[in-house]
Each structure stands twice: as C-alpha cells, then as structure tokens.
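K.L.:
Please find one structure pasted underneath; my questions will follow.
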Amino acid sequence: MADKIHGFLPATAEMLTNRQRLIVRYLFGVLIDLVVLGLFDEFSDSVTVASFSWALLAAILLQALLKGTLAIEHYVAVFFNARQGAFMKFMRFVGAWLVLFLSKFVIMEVITFVFGDRVRFEGMLHGVVPLIIVVTVMVIAEEVIVRFVRWVR
Numbered sequence: 001m002a003d004k005i006h007g008f009l010p011a012t013a014e015m016l017t018n019r020q021r022l023i024v025r026y027l028f029g030v031l032i033d034l035v036v037l038g039l040f041d042e043f044s045d046s047v048t049v050a051s052f053s054w055a056l057l058a059a060i061l062l063q064a065l066l067k068g069t070l071a072i073e074h075y076v077a078v079f080f081n082a083r084q085g086a087f088m089k090f091m092r093f094v095g096a097w098l099v100l101f102l103s104k105f106v107i108m109e110v111i112t113f114v115f116g117d118r119v120r121f122e123g124m125l126h127g128v129v130p131l132i133i134v135v136t137v138m139v140i141a142e143e144v145i146v147r148f149v150r151w152v153r
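If you want it as structure tokens, here you go:
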C-alpha cells in the first residue's frame, strides 16, 4: 500500500503526453465557454440558450470555431511575416484584424444555421455585438485560467 496515496491514487504521477495536454486544454476550453455562455444566458437579455444541452453543444462548436479562427489568423500572420518591409507589417496587422473581425459574422451564421432559435444572440447588428462580447469574455477567461495554472507551478 506504500505505492498508493489514500489507497487508490498512484504515489507517482506520470507526465502527460502532448495529445493528453491537447485534450485537457480543449476540455477546459469547452468548460470555460460553457460557463461563460451559461452566465450570459442567465444574466443577459441578449443571449438566449434553450437548455444546458444546447449550451454544451454551442460551447463545443464555439471552441472549434474559435480555434479555427486563430489558426487562420496565425496562417495570415506567418504569410505576412515571411515578407519584408513596413507595408507587410502593416498588412499583418490589417490581415489579423480582418480575420478576427469577419470571423464573428461567420460564427454568427454557423450558430444560427446549426442551432436556429435554440441559441440566439440578439441586439446590435443582429446579435453580432453580443456575440463579440461573449467571445471576448471566453477568450479572456481561458487566458486567465491558463495563466493561473502556469502561476501555480
């Protein structure tokens, strides 16, 4: 029993593989998105989610769409960073901003297409402004959690 803690946990921990770290990161991302979406549903008139199940599915979809957006933004950044000059640096900024801004309209359309009235963002610009606020809070919350976990080490 000396190799066990409290009789059931192994005394030594194994390091996570890269795949396991990726799963943990996306799982936490989905859970954070779920909490943020649920809080906005509860405390805001601009966000309406039919049920917890729909909120969970929306959080999974939002996590995938946000990671896709960041991948495209990274691709655009690499494209412009590979070229020299002040104009290319300016275009990197403009390209990143354009991808991040236009992606919110794509995300809005995908959510509307997939969930219909079960998940709704209402308000300015047909719900795009509340969506931008929710997504911004999701990204900030994820970053705060990541920084906290790194700080705990």
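If you read the sequence shown in the numbering used here, its first letter stands for residue 1, the second for the next number, and so on. From the three backbone atoms N, C-alpha and C, an ideal C-beta is built for every residue, glycine too. Since the model is a prediction, treat every value here as computed from it, not as a measurement.
(1) Three-state secondary structure (DSSP) at Thr48?
(2) The alpha helix (DSSP H) spanning Arg147 covers which residue range?
(3) My assumption, with CB atoms under 8 Å, is that Ile107 sits in contact with Leu125. Please give the rounded CB distance.
(4) Roughly how far, in whole angstroms, is the beta-carbon of Val49 from the beta-carbon of Leu37, given that I think they are within contact range, below 8 Å?
(5) Classify Gly68: buried if its beta carbon has 16 or more other beta carbons within 10 angstroms, exposed otherwise.
(6) Taking one C-beta from the region 92-102 and one from the region 74-82 each time, how about it: are there three or more such pairs within less than 8 Å?
(7) Check whether the region 137-153 and the region 100-115 are in contact - that is, three or more C-beta pairs closer than 8 Å.
(8) Is the beta carbon of Glu143 closer than 9 Å to that of Leu100?
(9) Helix, strand or coil for Arg120, going by three-state DSSP, please let me know.
(10) Under three-state DSSP, which class holds Arg83?
(11) Using beta-carbon positions only, say whether Ala58 and Val146 come within less than 9 Å of one another.
P.N.:
In terms of the structure at hand:
(1) For the purposes of this step, residue 48 is identified with residue 48 of the sequence shown, where counting begins at 1. Shown here, Thr48 sits in a strand according to DSSP, grouped into three states.
(2) Counted from its first residue, the sequence shown places residue 147 at position 147. Here the alpha helix (DSSP H) through Arg147 covers Val128 to Val152.
(3) Stepping through the sequence shown from its first residue, residue 107 is reached at position 107. Stepping through the sequence shown from its first residue, residue 125 is reached at position 125. That pair is no contact at about 13 Å.
(4) Looking up residue 49 in the sequence shown gives position 49. Looking up residue 37 in the sequence shown gives position 37. Confirmed, about 6 Å.
(5) Taking the sequence shown and counting its residues from 1, the one referred to as residue 68 is at position 68. With fewer than 16 Cβ atoms within 10 Å of its Cβ, Gly68 is classed as exposed.
(6) yes
(7) no
(8) If you number the sequence shown from 1, residue 100 lands on position 100. If you number the sequence shown from 1, residue 143 lands on position 143. No, Cβ-Cβ distance for Leu100 and Glu143 is not below 9 Å.
(9) Position 120 of the sequence shown holds residue 120. Arg120: strand per DSSP, three-state reduction.
(10) Here residue 83 refers to the residue found at position 83 when the sequence shown is read from its first residue. Coil.
(11) Here residue 58 refers to the residue found at position 58 of the sequence shown. Here residue 146 refers to the residue found at position 146 of the sequence shown. No, the Cβ-Cβ distance between Ala58 and Val146 is not below 9 Å.
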